[in-house]
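For what it's worth, this note's numbering labels the leading residue of the sequence shown as 17, then goes sequentially.
Beta carbons are placed, not taken as given, at the ideal position from N, Cα and C, and that holds for glycine.
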Amino acid sequence: MSRKHDLTYGSHLQLARLLGAMDPVSDVPDEVLFITQHQTSELWIRLMLHELEQARNAISKRHIPAATKALERVAVVLTHLVASWDVLRTLAPEDFSRFRGALGSASGFQSHQYRLLEFMLGNRVPSRLQEHGANRDAIALLEAELSRPSIYEGLSVSVAGELQVTLPPDAFRRDAPHTAHPSILQLWRRVQDPDAGHAGYRALAGQLVEIEDRFRCWRFNHVTTVERVIGTRRGTGGTSGVGYLRKMLDVELFPELWQLRAEI
17 MSRKHDLTYG SHLQLARLLG AMDPVSDVPD EVLFITQHQT SELWIRLMLH
67 ELEQARNAIS KRHIPAATKA LERVAVVLTH LVASWDVLRT LAPEDFSRFR
117 GALGSASGFQ SHQYRLLEFM LGNRVPSRLQ EHGANRDAIA LLEAELSRPS
167 IYEGLSVSVA GELQVTLPPD AFRRDAPHTA HPSILQLWRR VQDPDAGHAG
217 YRALAGQLVE IEDRFRCWRF NHVTTVERVI GTRRGTGGTS GVGYLRKMLD
267 VELFPELWQL RAEI
């Protein structure tokens with residue numbers, strides 16, 4: 017049923033529900049900043065998931081311009097998220113410590129949307145499903161994603177079809193993070209040859225590199241923000257905090273695309 021005839025700014029954006037979701041568990045004023053940072057991040061992640069799904073569908077149909085537009089938007093959102101950490105950095109360690117205990121076992125590692133984003137980009141670690149505990153809806157979404165090709169696998173398969181190349185079954189795994197494979201490297205070498213055409217696919221590969229670069233910056237700013245606010249102590253919910261976050265900086269999502277840049 018259409019709502020367009022009685023829509024207002026507030027009803028269209030469902031502001032009553034959105035603003036009503038601000039529900040601090042302490043009386044410390046700075047908790048509002050903490051909640052705002054994470055709620056807005058979840059909204060931007062939701063948009064990235066939407067755009068990645070649009071890109072994946074477009075790639076499967078070889079609609080290159082539509083896929084390029086969606087991936088460009090993801091990269092811009094990541095740029096915004098990188099800068100957003102500057103706001104949380106205004107939270108002093110002593111101020112965070114005043115409400116940290118009230119957060120209990122809540123942890124950013126429980127964000128199923130962030131996990132879904134990682135899975136869509138190819139960093140697939142099924143054991144991380146356990147971090148979502150009894151959230152069966154979240155686990156169902158994540159399990160469904162593990163049965164589908166990542167954005168990089170989907171793009172590589174589309175390229176292989178265009179070039180009439182058969183990829184070996186082990187070129188991509190859906191139950192583990194992607195690692196460099198000779199057949200994928202050779203596939204993208206052919207695409208990167210400017211004399212062979214395929215400008216659209218080269219542009220999409222460039223967008224993936226841009227996304228990974230900004231994703232790394234987002235993670236790095238996350239690490240440095242955590243270091244400034246809580247130091248090297250364990251994170252909320254008993255997570256390993258900075259140590260785990262720093263390890264994630266070494267994850268490479270599209271290794272063949274980066275290797276090709278080193279060959280130029």
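Indicate, with yes or no, if the ligand PLP has a heavy atom lying under 7 Å from the CB of residue i.
i: L59; result: For the ligand PLP, the structure offers nothing, since it holds no ligand at all.
Any idea what DSSP makes of residue i, helix, strand or coil?
i: G120; result: coil
i: G253; result: With a pLDDT of only 49 at G253, under 50, the local geometry of the prediction cannot be trusted, and the value read off the model is given with reservation. Looking at G253 - three-state DSSP - the assignment turns out to be helix.
i: H21; result: helix
i: G241; result: One point to set straight first is that residue 241 is Thr, not Gly, in the sequence displayed. The answer is helix: DSSP assigns T241 an H, G or I state.
i: Q30; result: coil
i: D186; result: helix
i: P40; result: coil
i: D209; result: coil
i: H107; result: The sequence shown places Leu at residue 107, not His. The answer is coil: DSSP assigns L107 none of H, G, I, E or B.
i: R140; result: coil
i: F198; result: It is Pro, not Phe, that sits at residue 198 in the sequence shown. Helix.
i: I227; result: helix
i: E268; result: coil
i: Q216; result: According to the sequence provided, residue 216 is Gly. The question's Gln does not apply to it. Looking at G216 - three-state DSSP - the assignment turns out to be helix.
i: G247; result: coil
i: G149; result: coil
i: A221; result: helix
i: R114; result: helix
i: W204; result: helix
i: L35; result: helix
Could you give the residue range of the alpha helix (DSSP H) that holds residue i?
i: F135; result: H128 to L137
i: V48; result: E47 to S76
i: A154; result: R152 to L162
i: M264; result: V258 to M264
i: T84; result: I80 to L104
i: S172; result: I167 to L179
i: A278; result: P271 to E279
Mind checking residue i: buried by the 16 CB within 10 Å criterion, or exposed?
i: P165; result: buried
i: R131; result: buried
i: S265; result: According to the sequence displayed, residue 265 carries Leu and not Ser. Result: exposed.
i: S57; result: buried
i: Q223; result: buried
i: H238; result: buried
i: E134; result: buried
i: R284; result: A question about residue 284 goes unanswered here, because the residues of the chain that appear run from 17 up to 280.
i: T24; result: exposed
i: V41; result: exposed
i: I280; result: exposed
i: Y217; result: buried
i: T182; result: exposed
i: L179; result: exposed
i: L97; result: buried
i: L63; result: exposed
i: L31; result: exposed
i: A150; result: exposed
i: M136; result: buried
At least one CB of chain B closer than 8 Å to the CB of residue i: is that the case?
i: Q223; result: This model lacks chain B altogether, as it is built from one protein chain only.
### Message
With three or more beta-carbon pairs closer than 8 Å as the criterion, would you say the segment 36-51 touches the segment 95-108?
### Response
Segments in contact, yes.
### Message
Quick test of the definition: if touching needs 3 or more C-beta pairs under 8 Å, does the segment 170-177 touch the segment 71-79?
### Response
Here the segment 170-177 makes contact with the segment 71-79; the two share three or more CB pairs at distances below 8 Å.
### Message
Under 8 Å, with one C-beta from each stretch per pair, do the segment 73-84 and the segment 173-183 reach the 3-pair mark?
### Response
Using a Cβ-Cβ distance cut-off of 8 Å, the segment 73-84 and the segment 173-183 are in contact, since at least three pairs of beta carbons, one from each stretch, lie closer than that value.
### Query
At a cut of 8 Å, does the segment 154-165 reach the segment 114-131 through at least three beta carbon pairs?
As far as the Cβ criterion goes, the segment 154-165 touches the segment 114-131, which means the pair count is three or higher.
### Message
Three Cβ pairs or more, each shorter than 8 Å: is that satisfied between the segment 198-208 and the segment 268-276?
### Response
Enough Cβ pairs lie closer than 8 Å, so yes.
### Message
With three or more beta-carbon pairs closer than 8 Å as the criterion, would you say the segment 187-198 touches the segment 138-147?
### Response
Short answer: they touch.
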